[in-house]
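For reference, the structure is listed below as structure tokens.
Protein chains: 2
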Amino acid sequence: MTPFRVHILGCGSALPTLRHYASSQVVERRGKLFMIDCGEGTQMQLRRSRLRFLSLNHIFISHLHGDHCFGLIGLISTFGLLGRTAPLHIYATKELQPMLDSQLDFFCRDIGYEVEFHPIDTTKNVVIYEDRSLTVETIPLQHRVPCCGFLFREKPSLPHIRREMIDFYKIPVSQINNIKKGQDWTTEEGETIPNSRLTTPADTPRSYAYCSDTKYIPTLHEIVKGVTTLYHEGTYASDRQENAGKYMHSTSADAARVAKESEVGKLIIGHFSKRYDDETVLLREAQEIFPNTQLADEMKVIDV
Amino acid sequence: MTPFRVHILGCGSALPTLRHYASSQVVERRGKLFMIDCGEGTQMQLRRSRLRFLSLNHIFISHLHGDHCFGLIGLISTFGLLGRTAPLHIYATKELQPMLDSQLDFFCRDIGYEVEFHPIDTTKNVVIYEDRSLTVETIPLQHRVPCCGFLFREKPSLPHIRREMIDFYKIPVSQINNIKKGQDWTTEEGETIPNSRLTTPADTPRSYAYCSDTKYIPTLHEIVKGVTTLYHEGTYASDRQENAGKYMHSTSADAARVAKESEVGKLIIGHFSKRYDDETVLLREAQEIFPNTQLADEMKVIDV
Chain E
605 MTPFRVHILG CGSALPTLRH YASSQVVERR GKLFMIDCGE GTQMQLRRSR
655 LRFLSLNHIF ISHLHGDHCF GLIGLISTFG LLGRTAPLHI YATKELQPML
705 DSQLDFFCRD IGYEVEFHPI DTTKNVVIYE DRSLTVETIP LQHRVPCCGF
755 LFREKPSLPH IRREMIDFYK IPVSQINNIK KGQDWTTEEG ETIPNSRLTT
805 PADTPRSYAY CSDTKYIPTL HEIVKGVTTL YHEGTYASDR QENAGKYMHS
855 TSADAARVAK ESEVGKLIIG HFSKRYDDET VLLREAQEIF PNTQLADEMK
905 VIDV
Chain P
605 MTPFRVHILG CGSALPTLRH YASSQVVERR GKLFMIDCGE GTQMQLRRSR
655 LRFLSLNHIF ISHLHGDHCF GLIGLISTFG LLGRTAPLHI YATKELQPML
705 DSQLDFFCRD IGYEVEFHPI DTTKNVVIYE DRSLTVETIP LQHRVPCCGF
755 LFREKPSLPH IRREMIDFYK IPVSQINNIK KGQDWTTEEG ETIPNSRLTT
805 PADTPRSYAY CSDTKYIPTL HEIVKGVTTL YHEGTYASDR QENAGKYMHS
855 TSADAARVAK ESEVGKLIIG HFSKRYDDET VLLREAQEIF PNTQLADEMK
905 VIDV
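Same order as they appear, the protein sequences are chains E and P. Quick note: the first sequence uses our numbering, first residue 605, plus one each step. Quick note: the second sequence uses our numbering, first residue 605, plus one each step.
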């Protein structure tokens, strides 16, 4: 199966600590890289990850709090110094554009590529990116400022050809696509070979949902139902339920509740408050509700 | 003697590497912290240094290239989250102010302290900061954009009182200041005790000059003559003399030449190009000209 992975570059919250960087992650699929959020220090973490800088063409910013976007100008500037020529697409709420433009005008006048800004509406669940095999949708979230998550869905793919059957029946290359699309094959002798003998089933499309920052949303499962992997913030443990309410964040139990209600494959929690020197308590509280939960961590690579 | 130290937070050049952060350092003197430059990641490095965030009230920005200022907004924002109330003074060329203001308006509306902006003229050698025992001067440098260094000078201090002599002659506390200022002491018996028996000489004022980024300036010694410690960029070794010219940077030999011409106490070189995996070559070339040279390094603490 095509690799479909998430590289965690940073999973801390507003205050960076010695243990966690500000939010950023890279979704890798078929050699394409998509960045979600870009807190301060992201370019250093990207370098540490050894991912190919120039395979990154799309950056999605969930919301305009510094820990999710202060690394953007440094990354853009570094791409320029590295000789980038391909356009870089930035998806964020429209308020970012004038600030970014004035920084670009001043600091990045000489860069040899275009920064294309795509304003997004965080209140709607709509497709904002599409290519041959993938779509990215916004997921409306509820935080102190306009905020949305991002849902990466593989498009349904065609069944796999069984090479040995093609060879056995000497089926010409020109017919392969038809067979992938479901056609049977009729031999010269008039025998009909059913499609099911010529193919194995298509891969189940996988999906990855990123939900940060947000308070618990009881209806979130309507959008993220059945995703293969869900990243949901779990800033606090239940000891800080009050903070979660005050700052519109989630506890790890809230994250697990969403995972359970959405019947996802697995849950990754992140965006940890600086108060936890050890996130085991967050993990335990989540696993009581949704057992297949993991903690995010810098440089962790997760197979979707 | 009062501690007077420089904490190197970052000494890389435009492109951060896995070995070096972007430029930033903290000058520590008498419990006060002064930051010079603030590249991306500075707040993380400051945390790593374990210096007290709230003792930092002044930030000097040498020039507006990203690797010297992109960390500013994150640091200001973090200070706000940490509950800072004391004003923070920022010294930089005037072009920074509108950009910073628009970021502050958007991201830092809730911070509980003032950011006071002090525009500086990089073309003049003038005092821009002064307190009871220290001055900071600008040092005009020559780079691709307006740029200056910063020269920290201790003011001459008074001689030290010899406690045992004061006790011996039963000199009242009210006279101590006069004696520090040079007065002799006349005993009840009419004997005059010369000031030199009551005091030991004042400490020699120390000074620290930060010169980055700049091409070699043959007249720089006119300003930094005799400083105790000179930090001078040495981005390249002699193999990249051409790059130094093109980008208006110095080689480590240039830095050593300035140190020698200025008869400084010691030289620290930094702002290393990413092309060097090992800066020994830079050190060697500098030491051939000025033996008392050291390499900067992240988290290194240098006694001025």
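Positions of the beta carbon are idealized from the N, C-alpha and C atoms, including for glycine.
Query: Taking contact to mean at least 3 C-beta pairs separated by less than 8 angstroms, is the segment 717-724 of chain E in contact with the segment 629-644 of chain E?; Result: no
Query: Under three-state DSSP, which class holds P/Thr646?; Result: helix
Query: Against P/Thr855, what residues of chain E qualify as contacts under a CB-to-CB distance less than 7 angstroms, listed in chain order?; Result: Per Cβ cutoff of 7 angstroms: no residues; P/Thr855 is ~20 angstroms from chain E at best.
Query: With a 10 Å radius around its C-beta and 16 neighbouring C-beta atoms as the bar for buried, classify E/Ile906 as buried or exposed.; Result: buried
Query: Counting only runs that start and end within the segment 785-840 of chain E, where is the alpha helix (DSSP H) found for 4 or more residues in a row?; Result: 799-802 and 825-828
Query: How would you write the range of the beta strand (DSSP E) that E/Asn661 sits in, first residue to last?; Result: Leu660 to Phe664
Query: Is the segment 609-623 of chain P close to the segment 868-877 of chain E, with three or more CB pairs under 8 angstroms?; Result: no
Query: Chain E beta carbons: is any one of them nearer than 9 angstroms to that of P/Met648?; Result: yes
Query: Could you check the C-alpha separation between E/Val862 and E/Thr739 for me, to the nearest Å?; Result: 22 angstroms
Query: Roughly how many angstroms separate the alpha carbons of E/Lys728 and E/Leu824, rounded to a whole number?; Result: 12 angstroms
Query: Could you please give the first and the last residue of the uninterrupted alpha helix (DSSP H) stretch that includes E/Val885?; Result: Thr884 to Ile893
Query: Can you give the Cα-Cα distance for E/Ser659 and E/Ile821, rounded to whole angstroms?; Result: 34 angstroms
Query: Do P/Ala696 and P/Ile677 have their CB atoms nearer than 9 angstroms?; Result: no
Query: Does the CB of P/Gly675 have a neighbour CB from chain E at under 9 angstroms?; Result: yes
Query: Does P/Glu668 have its Cβ less than 9 angstroms from a Cβ in chain E?; Result: Note on residue identity: the sequence assigns Leu, not Glu, to residue 668 of chain P. Yes, P/Leu668 counts as interfacial toward chain E.
Query: E/Val777: buried (16+ other C-beta within 10 angstroms of its C-beta) or exposed?; Result: exposed
Query: Against chain P, does E/Tyr717 count as a neighbour if the rule is that its beta carbon must be under 9 angstroms from one of theirs?; Result: no
Query: Compute the Euclidean distance between the alpha carbons of E/Pro691 and P/Ile743, then round it to the nearest angstrom.; Result: 39 angstroms
Query: What are the boundary residues of the alpha helix (DSSP H) that E/Phe754 is part of?; Result: Where E/Phe754 is concerned, there is no enclosing alpha helix (DSSP H), although the beta strand (DSSP E) it sits in stretches over Cys752 to Glu758.
Query: Give me the DSSP bridge partner(s) of P/His611.; Result: P/Val630 and P/Val905
Query: Kindly indicate which residue of E/Arg879, E/Asp788 and E/Asn847 has the alpha-carbon position closest to the one of E/Ser800.; Result: E/Asp788
Query: If contacts are defined as beta-carbon pairs under 8 angstroms, then E/Ala860 and E/Val831 qualify, I think. What distance do you get, rounded to the angstrom?; Result: Contact doesn't hold; Cβ gap of about 15 angstroms is too wide.
Query: In the DSSP assignment, what are the bridge partners of E/Ile765?; Result: E/Thr803
Query: For a test of the three-state rule: what should DSSP assign to P/Pro744, helix, strand or coil?; Result: strand
Query: Can you check whether the C-beta of E/Met703 is within less than 9 angstroms of a C-beta belonging to chain P?; Result: yes
Query: Kindly list the residues whose CB is nearer than 8 angstroms to the CB of E/Thr791, restricted to its own chain and excluding five residues on each side of it in sequence; keep chain order.; Result: Tyr773 and Ile797
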